[in-house]
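Peer 1: The structure follows.
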Amino acid sequence: MKAKPTATHVHLETFGCQMNEYDSELVRSLMKQDGFVFTDDRERADVILMNTCAIRENAHNKVYKHLSELRKLKQQRPLVVGVLGCMAQNLKEELTDVQPLIDVLAGPDAYRQLPMLIRNAMLSQEEGLDQKGFAVDLSEYETYHDVIPDRLDGVNAWIAVMRGCDNFCSFCVVPYTRGRERSRDPEGIVQEARRIAEQGFKQITLLGQNVNSYRYGDWDFAKLITAVADVPGIERVRFTSPHPKDFPPSLLEAVASHPHICKQIHLPLQSGSDRLLGLMNRTYTNKEYRALVDRIRTLRSDIVLSTDVICGFCGESDEEFSETYRLVEELRFHSAFIFKYSERKHTIAARRFPDDVSEPIKTERVTRLFNLQRNISYERNREYLKTTVPVLVEGNAKRSAEQGMGKSDGNITVIWNKRAISSQPGDIVSLAIYDASSTTLYAESPPVHESSAPRPPQNHFGKLRSKTEHF
Ligand code: SAM
Ligand code: SF4
716 MKAKPTATHV HLETFGCQMN EYDSELVRSL MKQDGFVFTD DRERADVILM
766 NTCAIRENAH NKVYKHLSEL RKLKQQRPLV VGVLGCMAQN LKEELTDVQP
816 LIDVLAGPDA YRQLPMLIRN AMLSQEEGLD QKGFAVDLSE YETYHDVIPD
866 RLDGVNAWIA VMRGCDNFCS FCVVPYTRGR ERSRDPEGIV QEARRIAEQG
916 FKQITLLGQN VNSYRYGDWD FAKLITAVAD VPGIERVRFT SPHPKDFPPS
966 LLEAVASHPH ICKQIHLPLQ SGSDRLLGLM NRTYTNKEYR ALVDRIRTLR
1016 SDIVLSTDVI CGFCGESDEE FSETYRLVEE LRFHSAFIFK YSERKHTIAA
1066 RRFPDDVSEP IKTERVTRLF NLQRNISYER NREYLKTTVP VLVEGNAKRS
1116 AEQGMGKSDG NITVIWNKRA ISSQPGDIVS LAIYDASSTT LYAESPPVHE
1166 SSAPRPPQNH FGKLRSKTEH F
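Each residue of the sequence shown is one higher than the one before, starting from 716 at the first, in the working numbering.
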């Protein structure tokens, strides 16, 4: 038997949602335990892994583009290329037919096998063979409960409290790529939260495809999030996503009353048309969704609401799109992720309903809704002018190291001049807001006086999306 190589360098790139970022932390942990070393430098890597997303076609295209860039590298030196995550799961053999340069495929439930698959692929290359390693079986039990994620520095730590999804929304590929829904044991989650606090993280985001269906013995999600928020040292707890069909009053109570649970809820709408919501298998109506928003805002008017909307789903008429438009106009979310419908293989919609809204019409509807939401986000953010907002400091702003960046309790980005406000990542500072765009609040400290001239409005209309998409 050949000696195990001592330092195999791995470069891992992550595409898609927060659950994928979390899964990459699991992958790093499992591979480091097995002696692999991670590098940010693709040129130095012996192994290049891509943790992929399959939710929309453009996510696929990004991965294919990356793969074609790797072809040249692979011609120059021995290199193992692996595709992980939802795309690996969904496309299985087809992906390796299309891309002969892929050596390893590992689905979201197969990461424990990854070190072995990679070593086998390396041995096979040394021997001049070209054996591929696949592990794409879905599990009913895998929650990686015993794997301590290899987290990058920062103020936020993710914990996946459940995996998979049983909802089968007709447009969505997740139940096919991530399998059946399973909840992770709560004691382990709370223990992990304690460890996270000891490591100095200030915020925990609990992840699940539908956190409202979290169940473990007599634990539901409200009990779980309260236990996590009670952990000393954790200042903020967020969660994503709850499904509007079964939002329990106990969770709403916990959000409204617990000082460490952020007053922020992401509540995916998808459509304002009851016919389309039915075809999407969302199991709530326009009226029920509005009633839920009303219930939330009656309990606490300061809860920041965001949503997801799909434009151009199968058979969406002009009037049905207008119903969505009117509902978004009425509900005035703080922000929204607005997507064009993208047909996904295997889904109920792909099997039953034609993808018959043309591309130009999808584009036009997305643009109209985006413009509407951008104006609402701008107005919503300007409601914070001349108020003082507690901000969890994250670090430097992307555009300039002279600016600090952090998040409000409602998860809105706040930026300030570091020369005027001194703070460290992890601090919670009270900042006076003197200007706002559709995506960002601008702060000064000490609190701005009524007479202070606000910064002249510049680009108020930024992107509505962040790099890492929620899920
Ligand atoms: N589990 C979450 C829920 O149901 O609220 C959503 C998870 S999904 C990964 C994130 C968002 O992607 C969805 O809310 C939906 O708006 C969007 N999405 C999912 N499948 C899509 C598709 N085929 N085309 C366009 N957008 C899609
Ligand atoms: Fe599950 Fe969300 Fe996909 Fe619906 S949209 S199937 S709830 S992951």
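Using N, Cα and C, we set each Cβ at its ideal position, and we do this for glycine too. Values in this document were obtained by computation on a predicted structure and should not be read as measured data.
#1: Tell me whether residue 1054, by its Cβ, gets closer than 7 Å to a heavy atom of the ligand SF4.
#2: Mind checking which residues open and close the alpha helix (DSSP H) that includes residue 1154?
#3: For residue 935, does the three-state DSSP call read helix, strand or coil?
#4: Flag residue 1126 as yes when its Cβ comes closer than 7 Å to any non-hydrogen atom of the ligand SF4, and as no otherwise.
#5: Along the chain, where does the alpha helix (DSSP H) containing residue 837 start, and where does it finish?
#6: So for residue 960, helix, strand or coil by DSSP?
#7: Quick test of the definition: if touching needs 3 or more C-beta pairs under 8 Å, does the segment 944-952 touch the segment 896-910?
#8: List the residues that DSSP assigns as beta-bridge partners of residue 1126.
#9: State the CB to CB distance for the pair residue 763 and residue 794, rounded to an integer number of angstroms; the pair is presumed to be in contact (CB under 8 Å).
#10: Where does residue 963 land, buried or exposed, given buried means 16+ other C-beta within 10 angstroms?
#11: Taking 7 Å as the line, does the beta carbon of residue 883 fall inside it for any heavy atom of the ligand SF4?
#12: Please determine, among 819, 787 and 752, the residue with the shortest C-alpha to C-alpha distance to residue 766.
#13: Starting from residue 787, trace the alpha helix (DSSP H) both ways and give me its first and last residue.
#14: Express the C-alpha separation of residue 1028 and residue 1107 in angstroms, rounding to a whole number.
#15: Report the partner residues of residue 930 according to the DSSP bridge assignment.
#16: Taking DSSP as the reference, what is the three-state secondary structure of residue 731?
#17: Suppose the cutoff is 7 Å on Cβ atoms and the five residues either side in sequence are ignored; what does the same chain contact list for residue 995 look like?
#18: Let me know if residue 1201 comes out buried or exposed under the rule of 16 or more other beta-carbons within 10 Å of its beta-carbon.
#19: For residue 993, report the span of its alpha helix (DSSP H) as first-last.
#20: To the nearest angstrom, how far is the alpha carbon of residue 1137 from that of residue 1118?
#21: Would you tell me roughly how many angstroms separate the C-alpha atoms of residue 1036 and residue 865, rounded to the nearest one?
#22: For residue 879 versus residue 899, is the C-beta spacing smaller than 8 Å?
#23: Exposed or buried, residue 837, counting other C-beta atoms within 10 Å across all chains shown (16 or more means buried)?
#24: Where does the unbroken beta strand (DSSP E) through residue 766 begin, and where does it stop?
#25: For residue 953, report the span of its alpha helix (DSSP H) as first-last.
#26: With a threshold of 7 Å, establish whether the CB of residue 890 neighbours any heavy atom of the ligand SF4.
#27: Determine the DSSP secondary structure at residue 1059, reduced to helix, strand or coil.
#28: Going by DSSP, which residues form a beta bridge with residue 1020?
#29: Taking the continuous alpha helix (DSSP H) assigned at residue 1088, which residues delimit it?
#30: Specify the secondary structure class of residue 1146 as computed by DSSP and reduced to three states.
#31: Is the segment 1010-1019 touching the segment 1153-1160, taking contact as three or more C-beta pairs under 8 Å?
#32: Taking the continuous beta strand (DSSP E) assigned at residue 948, which residues delimit it?
#33: Would you say the beta carbon of residue 925 is closer than 7 Å to some non-hydrogen atom of the ligand SF4?
#34: Would you mind working out which of 868, 737, 1145 and 813 sits nearest residue 1110, comparing C-alpha positions?
#35: Please find out if some non-hydrogen atom of the ligand SF4 comes closer than 7 Å to the beta-carbon of residue 958.
#36: Compare the beta carbon distance of residue 977 and residue 893 with 8 Å and say whether it is the shorter of the two.
Peer 2: Result, derived from the coordinates:
#1: no
#2: Where residue 1154 is concerned, there is no enclosing alpha helix (DSSP H), given that its DSSP letter is neither H nor E.
#3: strand
#4: no
#5: 829-841
#6: helix
#7: yes
#8: Paired residue(s): none; residue 1126 is not in a bridge.
#9: 7 Å
#10: By the 16-neighbour rule on beta-carbons within 10 angstroms, residue 963 is exposed.
#11: yes
#12: The shortest CA-to-CA distance from residue 766 to any of 819, 787 and 752 is the one to 819.
#13: 772-791
#14: 38 Å
#15: 935
#16: Assignment of residue 731 by DSSP, reduced to helix, strand and coil, places it in the coil class.
#17: 884, 885, 886, 985, 986 and 1028
#18: Any property of residue 1201 remains undetermined from this structure, which presents the chain solely from 716 to 1186.
#19: 989-994
#20: 10 Å
#21: 43 Å
#22: no
#23: buried
#24: DSSP places residue 766 in the uninterrupted beta strand (DSSP E) bounded by 762-767.
#25: The continuous stretches of alpha helix (DSSP H) do not include residue 953, which lies in the beta strand (DSSP E) extending over residues 951-955.
#26: yes
#27: coil
#28: 980
#29: 1074-1097
#30: strand
#31: no
#32: First-last for residue 948: undefined, no H or E at that position.
#33: yes
#34: 868
#35: Because some heavy atom of the ligand SF4 lies under 7 Å away, the Cβ of residue 958 counts as near it: yes.
#36: Their beta carbons are not under 8 Å apart, which means residue 977 does not touch residue 893 by this criterion.
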